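Engineer: Okay, handing you the structure first.
Protein chains: 2
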Amino acid sequence: MVDTQETASRARTRQAIIDAAITVLGKNLSAPLSEVATAADVGRTTLHRYYPERSDLIKAIKAESVVRLQRATERARLHEGTGAEALRRLCEEYFELGNVLNFIFSEHQFLTEADWCEFGAAEDSFETLVERGHGDGSIDPDLPTSWLESVLWSQLYAAWSYAAESGESRHQVLRLTLRTLMGAIAPRP
Amino acid sequence: MVDTQETASRARTRQAIIDAAITVLGKNLSAPLSEVATAADVGRTTLHRYYPERSDLIKAIKAESVVRLQRATERARLHEGTGAEALRRLCEEYFELGNVLNFIFSEHQFLTEADWCEFGAAEDSFETLVERGHGDGSIDPDLPTSWLESVLWSQLYAAWSYAAESGESRHQVLRLTLRTLMGAIAPRP
DNA sequence: TCGGAGTGGAACACGGGCGTTCCATTTCGG
DNA sequence: CCGAAATGGAACGCCCGTGTTCCACTCCGA
Numbered sequence: 001m002v003d004t005q006e007t008a009s010r011a012r013t014r015q016a017i018i019d020a021a022i023t024v025l026g027k028n029l030s031a032p033l034s035e036v037a038t039a040a041d042v043g044r045t046t047l048h049r050y051y052p053e054r055s056d057l058i059k060a061i062k063a064e065s066v067v068r069l070q071r072a073t074e075r076a077r078l079h080e081g082t083g084a085e086a087l088r089r090l091c092e093e094y095f096e097l098g099n100v101l102n103f104i105f106s107e108h109q110f111l112t113e114a115d116w117c118e119f120g121a122a123e124d125s126f127e128t129l130v131e132r133g134h135g136d137g138s139i140d141p142d143l144p145t146s147w148l149e150s151v152l153w154s155q156l157y158a159a160w161s162y163a164a165e166s167g168e169s170r171h172q173v174l175r176l177t178l179r180t181l182m183g184a185i186a187p188r189p
Numbered sequence: 190m191v192d193t194q195e196t197a198s199r200a201r202t203r204q205a206i207i208d209a210a211i212t213v214l215g216k217n218l219s220a221p222l223s224e225v226a227t228a229a230d231v232g233r234t235t236l237h238r239y240y241p242e243r244s245d246l247i248k249a250i251k252a253e254s255v256v257r258l259q260r261a262t263e264r265a266r267l268h269e270g271t272g273a274e275a276l277r278r279l280c281e282e283y284f285e286l287g288n289v290l291n292f293i294f295s296e297h298q299f300l301t302e303a304d305w306c307e308f309g310a311a312e313d314s315f316e317t318l319v320e321r322g323h324g325d326g327s328i329d330p331d332l333p334t335s336w337l338e339s340v341l342w343s344q345l346y347a348a349w350s351y352a353a354e355s356g357e358s359r360h361q362v363l364r365l366t367l368r369t370l371m372g373a374i375a376p377r378p
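Quick note, the sequences are listed as chains A and B, same order. Quick note: the first sequence uses the numbering used here, first residue 1, plus one each step. Quick note: the second sequence uses the numbering used here, first residue 190, plus one each step.
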């Protein structure tokens with residue numbers, strides 16, 4: 001982890017760099033560090049002072065993303081209500097992650113295995129959520145957990161790209177997202 | 190376009206390069222050209238002989254992708270049956286595009302405006318397809334055309350990534366994809 | 001068998017991002 | 001008000017991908 005004893009100034013700068021990196025590298029993972037520095041309103045030298053190598057910065061972003069993902073998952077209270085209701089709340093919370101999603105998508109191949117392990121607890125609760133949904137009739141039993149996971153992420157991707165190109169309000173996009181997601185998982189008559 | 194008078198040998202090499210480029214650059218648009226050359230089983234020199242600059246290769250891939258996309262769209266016979274049935278066929282055809290999808294996804298921000306214009310005709314038939322579905326009650330009228338477009342692409346993305354990580358058969362993945370897509374667009378009771 | 005087409009490898013200069021060092025400047029707490 | 005902390009800019013060497021040139025090799029048809 002990061003040095004626990006850190007000046008308020010340094011903590012602020014570090015956060016600004018992380019935020020800028022999530023935004024810039026989320027759009028293009030190959031973007032030069034100078035762009036990240038500019039976006040963070042910081043000199044390139046300073047950036048290297050906090051994260052000596054590019055890989056260090058990437059690691060920090062991954063960690064930050066996992067943390068935000070975990071918090072969002074907790075807020076969704078996956079153990080309450082029917083499976084479908086819990087999944088709906090999860091979608092709402094993830095939707096609010098914004099730029100973090102950008103990064104997770106572009107990294108979707110590389111943010112694998114070891115990275116998701118720290119996130120493992122949330123994975124488990126997702127699994128139980130789906131099984132509860134299969135049992136209580138709110139989620140189509142033909143759809144396996146891992147597939148629903150893919151669908152959830154792809155819906156969020158659709159939401160983000162649609163919002164970017166259509167200019168619709170966040171609220172309206174979220175409404176459409178939840179509608180199609182709920183329809184997708186509903187059992188067939 | 191490409192020189193119409195071309196040796197059989199040259200045509201074969203050119204095609205091998207295009208195929209390799211779609212695969213390699215589809216996974217990582219920033220991949221070095223040497224990787225593309227290796228994948229095409231061709232020397233880097235030869236690659237430059239066909240496509241002098243990187244941008245030339247990109248252009249060629251875009252053109253090829255648009256062509257395959259158009260053919261797939263035609264095969265789907267969008268004017269037949271209900272709106273939902275036509276959308277289902279379109280999903281099936283796009284699903285078979287495989288590697289081309291990879292490239293279209295990674296390029297989704299850059300394959301915009303001007304590029305889609307050549308593809309314009311298909312866009313129009315998609316629009317009429319959706320409107321027919323709104324009318325015949327097979328597609329939820331609350332879902333606008335552009336949103337359905339986003340959903341279709343995101344479902345294909347989900348299908349591809351799921352197939353890659355789950356090891357399920359193509360057929361089974363397609364089944365899941367169609368099931369969730371049809372559920373997502375169905376009108377609510 | 002000869003000659004041209006097609007190819008691949010070696011080598012080069014160029015550009016740009018990266019990581020580092022050094023130094024001047026600004027900021028802030030004591 | 002002074003000194004340490006934090007920052008930004010300039011400059012450098014390094015690596016790697018790019019685009020080019022030159023030459024040797026192979027394959028094939030005339």
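C-beta: ideal position from N, C-alpha, C; glycine also. Please read all numbers here as calculations on a predicted model, not as lab measurements.
#1: Check whether the Cβ atoms of L341 (chain B) and I328 (chain B) sit closer than 9 Å, and answer yes or no.
#2: Please classify D115 (chain A): does DSSP put it in a helix, a strand, or coil?
#3: Measuring alpha carbon to alpha carbon, tell me which residue in B:R199, B:E282, B:G232, B:I374 is nearest Q259 (chain B).
#4: Quick one: Cα of Y51 (chain A) to Cα of L57 (chain A), how far?
#5: Over what stretch of residues does the alpha helix (DSSP H) that includes A40 (chain A) continue unbroken?
#6: So I245 (chain B) is in the alpha helix (DSSP H); what residue range does that whole segment cover?
#7: Tell me which same chain residues have a C-beta within less than 7 Å of the C-beta of K391 (chain B), skipping the five on either side of it?
#8: With H, G and I counted as helix, E and B as strand and the rest as coil, what does DSSP make of I139 (chain A)?
#9: Under 9 Å, Cβ to Cβ, is there at least one residue of chain A near L365 (chain B)?
#10: Going along chain B, which residues have a C-beta under 7 Å from W219 (chain A)?
#11: Check Q194 (chain B) in the structure and name its three-state DSSP category.
#12: Taking 9 Å as the threshold (beta carbon to beta carbon), is S198 (chain B) in contact with chain A?
#13: So is D331 (chain B) in contact with chain A if we call contact Cβ pairs under 9 Å?
#14: Between V2 (chain A) and E64 (chain A), what straight-line distance do the alpha-carbon atoms span, to the nearest angstrom?
#15: How should Q194 (chain B) be labelled, buried or exposed, when 16 other C-beta atoms within 10 angstroms of its C-beta is the threshold for buried?
#16: So if I threshold CB-CB distances at 7 Å, which residues from the region 115-130 of chain A count as touching chain B?
#17: Can you look up S169 (chain A) in the DSSP assignment and give me helix, strand or coil?
#18: Nearest to T145 (chain A) by alpha carbon, out of A:A84, A:E53, A:I22?
#19: Got a sec: which bits of the region 21-33 of chain A sit with their beta carbon under 9 Å from any beta carbon on chain B, in order along the chain?
#20: In chain order, what residues of the same chain have a beta carbon less than 7 Å from the beta carbon of F105 (chain A), not counting five sequence neighbours either side?
#21: Taking DSSP as the reference, what is the three-state secondary structure of T271 (chain B)?
#22: Which same chain residues end up closer than 7 Å to D325 (chain B) when comparing Cβ atoms and leaving out the 5 residues on each side of it in sequence?
#23: Measure from the alpha carbon of A86 (chain A) to the alpha carbon of each residue in A:T23, A:S9, A:T128, then state which is nearest.
#24: So with CB distances below 9 Å, who are the chain A contacts of R368 (chain B)?
#25: How about R88 (chain A) and D331 (chain B): do their beta carbons lie closer than 9 Å?
#26: What is the DSSP secondary structure of G215 (chain B), reduced to helix, strand or coil?
Structural biologist: In short:
#1: no
#2: helix
#3: When B:R199, B:E282, B:G232, B:I374 are compared, the shortest CA-CA separation from Q259 (chain B) is found for B:E282.
#4: Rounded to whole angstroms, Y51 (chain A) to L57 (chain A) spans 6 Å at the Cα level.
#5: That residue, A40 (chain A), is in no alpha helix (DSSP H); it is neither H nor E in DSSP.
#6: According to the sequence as given, residue 245 (chain B) is Asp; it is not Ile. First-last of the alpha helix (DSSP H) with D245 (chain B): 243-264.
#7: In this structure chain B extends from 190 to 378, so residue 391 (chain B) is not present and cannot be described.
#8: coil
#9: yes
#10: There is no way to answer for residue 219 (chain A), as the model of chain A reaches only from 1 to 189.
#11: coil
#12: no
#13: yes
#14: For V2 (chain A), the predicted structure reports a pLDDT of 47, less than 50, and the residue's modelled location is therefore unreliable. A value from the coordinates is still provided. Distance between the alpha carbons of V2 (chain A) and E64 (chain A): 11 Å.
#15: exposed
#16: none
#17: coil
#18: A:A84
#19: K27, N28, L29, S30
#20: Y157
#21: coil
#22: Taking C-beta separations shorter than 7 Å and ignoring five residues to either side along the sequence, the partners of D325 (chain B) in its chain run T271, G272, following chain order.
#23: A:T128
#24: D140, D142, L143, A184, R188
#25: no
#26: DSSP, reduced to helix, strand and coil, places G215 (chain B) within a helical segment of the structure shown.
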